[in-house]
Amino acid sequence: MEKIARGESKMECNNTERKYLTVNPLKTCQPLGAVWACLGIHQCMPHSHGSQGCTSYLRMQLTRHFREFIPTTTSSFSEAQVVFGGVGNLKQAIRNILSIYKPKVIGISTTCSAETIGDDVPGTINEMRASGDIPEDVKVFTASTPSYVGSHVTGFSNMVKSAVETFAKKSSPNGKINIIPGLLSPGDLREIKRILKIMGIDAIILPDISDVLDAPMTGEIHLYQKGGTTISEIEDMGNSIATVVLGREAGIAPAESLKEMYDVPYEVLPLPIGISNVDKFIMKLSEITSKPIPYELEEERGRLVDMMLDAHAHWYNKKAAVFGDPDIVEAIVGYANDLGINVLYALTGSYSSEWEKTVKSMVPDAYVSSDNDLWYLKEQLDKKPVDMLFGNSHGKYLAKEYDLPLLRVGFPILDRANLQHFPIVGYKGTAWLVERTGNTLLDYKDAKSPEHLLELIM
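First residue of the sequence shown: 1, per UniProt numbering; consecutive thereafter.
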């Protein structure tokens with residue numbers, strides 16, 4: 001043990017079956033995803049109905065990932081509310097939010113304690129509406145997001161679904177498409193909007209955290225930034241010609257609601273990361289809208305192919321493990337296939353048999369699991385090692401222990417700055433990811449080469 005503590009030896013571990021213990025999990029709780037979704041709605045104040053500790057945790061995670069201020073309020077449960085219910089705290093919290101923060105929208109998600117005691121949050125909102133405590137011009141929507149089921153991906157999905165079911169309406173066709181982008185970064189959303197603009201497509205993106213979690217420094221202080229999907233845009237989603245879901249796990253539930261309520265058809269696509277996935281996205285946009293694919297995008301694709309060809313020797317036939325949120329893992333597995341990288345492990349902590357089936361079809365020889373953790377990956381690396389890791393910051397301990405390069409993608413990234421500003425979607429985003437992949441491997445090779453083998457031309 002002393003050698004392990006000094007870093008001179010690796011801890012041995014046996015591949016034991018664990019039903020009730022998770023070690024270094026690949027997911028976090030539903031309320032975090034719910035708050036993420038609320039932040040993508042214009043002038044929305046996310047509210048966590050539970051204890052201060054729950055809210056502090058999710059704010060900490062989001063703040064450290066985005067390096068931005070995360071406005072969130074809480075019902076501030078104590079022992080009394082956990083035992084007897086927190087409806088009184090919720091009412092007082094809403095009054096305080098309206099008086100102090102003056103939002104246009106309040107998005108309320110629940111926590112374990114509120115769900116366990118059985119607080120009727122929708123009923124409380126209706127009561128406050130009837131009594132006049134909540135003005136008519138302030139919109140409120142709620143979602144059940146207990147942490148003891150699902151993950152932050154589930155919470156995100158439930159919150160977006162609630163927004164759609166609460167606000168979307170049917171009037172006259174608007175000629176637009178809806179895009180439900182999943183847990184993408186502000187840089188990714190900017191790139192998607194750039195592609196839509198080039199193609200001349202009008203779209204409603206829900207949620208949209210660009211210009212919210214990447215707002216510029218202007219010298220002025222604003223509690224609510226200019227970005228986010230407006231309520232009028234959400235209301236108009238029932239009039240769109242189709243919904244495009246980017247990432248099944250995070251986005252299919254709200255798309256199904258739009259289909260059921262207003263007969264808006266939907267298409268489910270992987271996140272547009274990697275040339276094959278971007279091709280699917282661009283061609284589907286063209287098919288739905290009858291818009292031609294501009295030559296500008298063809299040129300971007302050509303440059304990406306050129307970059308992949310120029311550097312293919314650095315990554316071809318490398319072995320990799322991919323871990324993180326299910327939608328990002330699926331997309332990165334596709335990206336790795338495009339490059340000729342062999343994925344041996346694809347792991348996430350959010351259980352989905354559909355996801356497992358999809359990813360397994362992409363990498364038939366890989367170990368694919370949607371209900372796992374990083375300790376399992378550690379056990380497998382002792383037996384069947386890889387050359388590199390794709391995943392979030394929690395993989396850095398494995399990267400250090402097994403002396404592997406880690407390419408950071410997904411959520412959370414807590415130990416590197418500014419990655420959320422740079423897209424990895426679209427042809428341009430994939431080109432940047434290709435650059436990172438190749439040069440991460442070259443940096444690693446330089447660091448491990450003795451001086452007499454250090455090459456200048458690589």
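Each residue gets a CB set at the ideal place from its N, CA and C atoms; glycine is no exception.
Predicted model only: the values in this text are computed from it and were never measured.
Which residues bound the beta strand (DSSP E) around residue i?
{"i": "Tyr-351", "result": "Unbroken run through Tyr-351: none, as it is neither H nor E."}
{"i": "Ser-369", "result": "367 to 369"}
{"i": "Ser-240", "result": "Here Ser-240 belongs to no beta strand (DSSP E), and DSSP marks it neither H nor E."}
{"i": "Val-140", "result": "139 to 143"}
{"i": "Met-45", "result": "44 to 49"}
What residue range is occupied by the uninterrupted alpha helix (DSSP H) comprising residue i?
{"i": "Leu-206", "result": "Element bounds for Leu-206: n/a, residue is neither H nor E."}
{"i": "Lys-428", "result": "426 to 448"}
{"i": "Cys-112", "result": "112 to 117"}
{"i": "Met-308", "result": "295 to 315"}
{"i": "Val-329", "result": "326 to 339"}
{"i": "Lys-161", "result": "152 to 167"}
In angstroms, rounded to a whole number, what distance separates the CA positions of residue i and residue j?
{"i": "Gly-200", "j": "Met-307", "result": "27 angstroms"}
{"i": "Leu-32", "j": "Gly-40", "result": "13 angstroms"}
{"i": "Gly-85", "j": "Ala-114", "result": "7 angstroms"}
{"i": "Gly-410", "j": "Thr-437", "result": "15 angstroms"}
{"i": "residue 486", "j": "Ala-215", "result": "No statement about residue 486 is possible, as the shown extent of the chain runs from 1 to 458 and does not include it."}
{"i": "Gly-88", "j": "Asp-133", "result": "13 angstroms"}
{"i": "Ile-204", "j": "Ile-457", "result": "47 angstroms"}
{"i": "Ser-353", "j": "Tyr-148", "result": "19 angstroms"}
{"i": "Asn-277", "j": "Lys-319", "result": "21 angstroms"}
{"i": "Asn-418", "j": "Pro-207", "result": "21 angstroms"}
{"i": "Thr-154", "j": "Trp-315", "result": "34 angstroms"}
{"i": "Lys-193", "j": "Pro-25", "result": "33 angstroms"}
{"i": "residue 524", "j": "Asp-415", "result": "Because residue 524 is not part of the residues shown, which for the chain are 1 to 458, the question remains open."}
{"i": "Pro-186", "j": "His-452", "result": "44 angstroms"}
{"i": "Val-160", "j": "Thr-230", "result": "13 angstroms"}
{"i": "Asp-211", "j": "Glu-455", "result": "43 angstroms"}
So, is residue i buried or exposed, given that buried needs 16 or more other C-beta atoms within 10 angstroms?
{"i": "Glu-330", "result": "buried"}
{"i": "Ala-130", "result": "exposed"}
{"i": "Thr-218", "result": "exposed"}
{"i": "Gly-228", "result": "buried"}
{"i": "Ala-80", "result": "exposed"}
{"i": "Ala-313", "result": "exposed"}
{"i": "Lys-102", "result": "exposed"}
{"i": "Ile-295", "result": "Looking at the sequence provided, one finds Tyr at residue 295 rather than Ile. When all chains shown are included, Tyr-295 counts as exposed."}
{"i": "Ile-221", "result": "exposed"}
{"i": "Leu-389", "result": "buried"}
{"i": "Arg-95", "result": "exposed"}
If residue i and residue j are in contact, beta carbons under 8 angstroms, what's the gap, nearest whole angstrom?
{"i": "Asn-178", "j": "Leu-258", "result": "7 angstroms"}
{"i": "residue 473", "j": "Asp-120", "result": "With the chain covering 1 to 458 only, the question about residue 473 has no answer from this structure."}
{"i": "Ile-106", "j": "Ile-97", "result": "6 angstroms"}
{"i": "Val-386", "j": "Ala-311", "result": "Not really, about 19 angstroms apart at Cβ, beyond 8 angstroms."}
{"i": "Ser-350", "j": "Ser-151", "result": "4 angstroms"}
{"i": "Ser-157", "j": "Thr-111", "result": "Their Cβ separation, rounded to whole angstroms, is 17 angstroms, which puts Ser-157 and Thr-111 out of contact at 8 angstroms."}
{"i": "Ala-321", "j": "Tyr-262", "result": "So it is not a contact: roughly 42 angstroms between Cβ atoms."}
Tell me whether residue i counts as near the ligand PLP, meaning its Cβ is closer than 7 angstroms to at least one heavy atom of that ligand.
{"i": "Tyr-262", "result": "No copy of the ligand PLP occurs in the structure displayed, which carries no ligand at all."}
Please list the segments of the alpha helix (DSSP H) lying wholly inside the segment 381 to 433, counting only runs of 4 or more residues, in order along the chain.
396 to 401
If we require 3 or more residues per run, which beta strand (DSSP E) segments fall completely within the segment 62 to 110?
105 to 110
What runs of the beta strand (DSSP E), each 3 residues or longer, lie entirely inside the segment 244 to 283?
266 to 269
Residue ranges of each beta strand (DSSP E) within the segment 173 to 224, 3 or longer
177 to 180, 203 to 205
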